[in-house]
Amino acid sequence: MTRITMKHWLGANERSHVVPSDKWYLDFSNKTLPLIRQSPLFRNEDDYTQDDAAISFGMYFQDAISQNGGWKVFSEAYHERYGSYLPFYPLTDEYVPDEVNKEDISFIIWTLKSHATLYEEGKYYLFDPFDKDLLALSQSVYELMDACFEEAPISEEETLFLWVMGPDLLDMPITPLPEVTPETKLSKDVARCLEYSGGKPLLYFPTYQKLRSFFVEVLEWDKNPASLLPDLKSKKEFVIYANAKGMLVAHDVAAYFCEEHNPMYNAKRARKHGYDMFCHPGACPFDLLKYGMAKGLLPDVALPFPNGKEVLHQYWDFIARYYLCEYYEGE
1 MTRITMKHWL GANERSHVVP SDKWYLDFSN KTLPLIRQSP LFRNEDDYTQ DDAAISFGMY
61 FQDAISQNGG WKVFSEAYHE RYGSYLPFYP LTDEYVPDEV NKEDISFIIW TLKSHATLYE
121 EGKYYLFDPF DKDLLALSQS VYELMDACFE EAPISEEETL FLWVMGPDLL DMPITPLPEV
181 TPETKLSKDV ARCLEYSGGK PLLYFPTYQK LRSFFVEVLE WDKNPASLLP DLKSKKEFVI
241 YANAKGMLVA HDVAAYFCEE HNPMYNAKRA RKHGYDMFCH PGACPFDLLK YGMAKGLLPD
301 VALPFPNGKE VLHQYWDFIA RYYLCEYYEG E
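Written as structure tokens, this is what we have:
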């Protein structure tokens, strides 16, 4: 089947000139189309989405053979950050970084089905990396690559580093939590928060009225409504995180934090909705999210698919980078 044009292939590679290996990898991409069209993952998708998947397989194959390009940049950056070559999939002795691997293909399919909000304002898409149809398609594509491996040419051109995932997201360092020590010079608000809570960094308030009273009666803020974070009037279930950097306020997340002094904790809601903090930019300040994970305060939060709790808790940092983008470690 020939449907993807050279123009489309070159466009995906963001270049206009053709090199000798292009036709071979374009032909290979077209060979994967029947597998893609038969898969329940893509059967009902439009031609563009199916073609995009096929081109992604072609670019991965080219990178694996040539040992350069976007896949190599991603896998090396991931290995430097986490000590493995990709998330989600346990790598056995059969995994060879310099060759084609079924796990790599599975991850590529996951990226095709899992989109951050930057693709569509306000929406993100999650997909189970162990979905049976995903694993079946990755096996079929792997077998096709394995059959063509010996004839695959080394490309004169590298694929762009952005086709897998922006490497800058993996380059961002993990900054230490802003812990309070006896030597820490605290702001007035933080000092009053910690005195009020008996040293507990997290404080919980069910309503804006309760939060506002705390601002006035404990923090001694001006009673002028304009000074009392009026934008939060319509919100609820607040968490204040008092830390060495300052005091931050989060809303609509208190039900997910498991602490004895949090009367709003709800394990069922945490399981059902808590993952939004890791995937929706701005849903939860990142320092608070990081504190919750570091201190084991989010034990019931899970992604909405089988094994979703284990996947989230093992790979939460990568998932946060992938979905939160500039909000990862951002203010």
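Residue numbers (my numbering): 1 to 331.
Quick reminder that beta carbons are idealized off the backbone N, C-alpha and C, glycines included.
Secondary structure of residue 109, DSSP reduced to three states: Correct three-state label for residue 109: helix.
Under 8 Å between C-beta atoms of residue 126 and residue 304: Their beta carbons are under 8 Å apart, which means residue 126 touches residue 304 by this criterion.
Where the beta strand (DSSP E) containing residue 223 begins and where it ends: Counting along the chain, residue 223 falls outside any beta strand (DSSP E), and DSSP gives it neither H nor E.
DSSP bridge partner residues for residue 203 (one or two, in chain order): Residue 203 is bridged by DSSP to 240.
Beta-ladder partner(s) of residue 73, from DSSP: In DSSP, residue 73 forms no bridge with anything.
DSSP three-state assignment for residue 116, whether helix, strand or coil: Residue 116: coil per DSSP, three-state reduction.
Proximity below 8 Å, CB of residue 298 to CB of residue 257: Result yes, Cβ atoms of residue 298 and residue 257 sit closer than 8 Å.
Cross-strand partners of residue 308 (DSSP beta bridge): According to DSSP, residue 308 bridges with nothing at all.
For residue 250, the residue or residues it bridges with in DSSP: Paired residue(s): 239.
Ranges of the beta strand (DSSP E) found wholly within the stretch 20-98, counting only runs of at least 3: Listed in chain order, there is nothing to give.
Segment contact flag, the stretch 224-242 with the stretch 183-194, C-beta cutoff 8 Å, min 3 pairs: In this structure the stretch 224-242 touches the stretch 183-194; the number of beta carbon pairs closer than 8 Å is three or more.
Residue interval of the alpha helix (DSSP H) (run including residue 273): Residues 267-273.
First and last residue of the uninterrupted alpha helix (DSSP H) at residue 140: Here the alpha helix (DSSP H) through residue 140 covers 132-148.
Exposure label - residue 146; buried when at least 16 CB within 10 Å: Its Cβ having fewer than 16 others within 10 Å, residue 146 is exposed.
Limits of the unbroken alpha helix (DSSP H) element including residue 195: 188-197 is the span of the alpha helix (DSSP H), which, as asked, contains residue 195.
Between the CA atoms of residue 55 and residue 222 - distance to the nearest angstrom: Roughly 59 Å separates the two Cα atoms.
Within 8 Å, strictly: CB atoms of residue 134 and residue 110: In this structure, residue 110 lies closer than 8 Å to residue 134 by Cβ.
Opening and closing residue of the alpha helix (DSSP H) in which residue 7 lies: Where residue 7 is concerned, the enclosing alpha helix (DSSP H) stretches over 6-13.
7 Å CB neighbourhood of residue 302 in its chain, flanking five on each side removed: Annotation for residue 302: 271, 275, 308, 309 and 312 place their beta carbon closer than 7 Å to its own, counting only its chain and skipping 5 residues before and after.
Spatial distance of residue 214 from residue 264 (CA atoms): Cα to Cα, residue 214 sits roughly 17 Å from residue 264.
Rounded C-alpha distance that separates residue 102 from residue 53: Residue 102 and residue 53: Cα-Cα distance of roughly 15 Å.
Cβ neighbour criterion (16 or more within 10 Å) applied to residue 162: Per the 10 Å Cβ criterion, exposed.
DSSP three-state assignment for residue 233, whether helix, strand or coil: For residue 233, the three-state secondary structure derived from DSSP is coil.
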